[in-house]
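Take a look at the structure below.
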Amino acid sequence: DVVLTQSPLSLPVTLGQPASFSCRSSQSLVHSGGNTYLNWFHQRPGQSPRRLIYKVSNRDSGVPDRFSGSGSGTDFTLKISRVEAEDVGVYYCVQGTHWPPYTFGQGTKLEIQ
Amino acid sequence: QVQLVESGGGVVQPGRSLRLSCAASGFTFSLYTMHWVRQAPGKGLEWVTAISYDGKNKYYAESVKGRFTISRDNSKNTLYLQMNSLRDEETAVYYCVRDGDLLTGYGFDYWGQGTLVTVSS
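Line by line, the protein sequences give chains L and A.
Taking our numbering, the leading residue of the first sequence gets 29, the next gets one more, and so forth.
Taking our numbering, the leading residue of the second sequence gets 104, the next gets one more, and so forth.
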């Protein structure tokens, strides 16, 4: 199974400052068809996860443009250009290139310092 | 709008069974692969199982193979998860999740609110 390793596990950020989340895969996530199925999710405390980014860099409808995804192969990054209070919570990456099973990273907790 | 509403969670003893349901609305249910994803208290997300749009193909995490069964009734727009021989460590919130499509992007585009399953004696 593909292992996704996220870092850091905890990320204290000042409001208005940028934040960066890393997700590294144990193998390339490039599908034989050419797409890379790596998505990012945000989960606020007590809520269901919400997808932010699909296929590495595509923002979901309604997601603010301060969120951006990038990367290729085995290394992927989610960035927030200016953190707002509503951005707190846990961020997960998940791969769907080599499924089953879908595999999630262990999550990065964003806190406001 | 897309809605996924899970039900059927509760407290169950180890070794017993439980069936979860997920009522879908706001989209053409019969066109989408559906998943169950779970989250133990204070822990991360774990994919459990998936079923193709027509119910013909089913996929399971190794940890639940042979004990859990996913199914769907497209005439009722409902997804099910039959869980047998439940274990303590399977205490979790179970989410019903839509897979997405070419337009919305594959991979968990909509989630239900989750239903809590507590396995305890």
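Note that the Cβ used here is the ideal one computed from N, Cα and C, for glycine as well.
Pair within 8 Å by beta-carbon distance, residue i and residue j
i	j	result
L/Gln-123	L/Tyr-82	no
L/Ile-108	L/Pro-46	yes
A/Gly-210	A/Asp-202	yes
L/Leu-32	L/Gly-117	no
A/Val-140	A/Val-222	no
L/Tyr-130	L/Phe-69	no
A/Leu-184	A/Arg-122	yes
L/Gly-101	L/Ser-54	no
A/Gly-145	A/Val-220	no
A/Phe-171	A/Thr-152	yes
L/Thr-136	L/Leu-37	yes
L/Asn-86	A/Gly-208	yes
A/Tyr-156	A/Ser-133	yes
Bridge partners - residue i, DSSP secondary structure assignment
i	result
A/Glu-119	Inspection of the sequence shows that residue 119 of chain A is occupied by Arg rather than by Glu. A/Arg-119 is not bridged to any residue.
L/Gln-71	L/Val-118
L/Phe-95	L/Ile-108
L/Phe-132	L/Val-122
A/Tyr-295	Since the first residue of chain A shown is 104 and the last is 224, residue 295 of chain A is not available in this structure.
A/His-138	A/Ala-153, A/Val-200
L/Gln-34	L/Cys-51
A/Ala-195	A/Val-220
Start and end residues, beta strand (DSSP E) containing residue i
i	result
L/Asp-103	103 to 108
A/Ser-174	171 to 176
L/Phe-49	47 to 53
A/Tyr-183	181 to 186
Cα-Cα separation between residue i and residue j, rounded to whole angstroms
i	j	result
A/Glu-165	A/Leu-206	30 Å
L/Gln-34	A/Tyr-213	23 Å
L/Pro-40	A/Ser-178	48 Å
A/Tyr-162	A/Thr-136	11 Å
A/Glu-149	A/Gln-142	6 Å
L/Thr-105	L/Phe-49	6 Å
A/Glu-192	L/His-59	33 Å
Residue environment, residue i, which counts as buried when at least 16 other CB atoms sit within 10 Å
i	result
L/Val-111	buried
A/Gln-116	exposed
A/Glu-109	buried
A/Gln-106	exposed
A/Gln-104	exposed
A/Ala-127	buried
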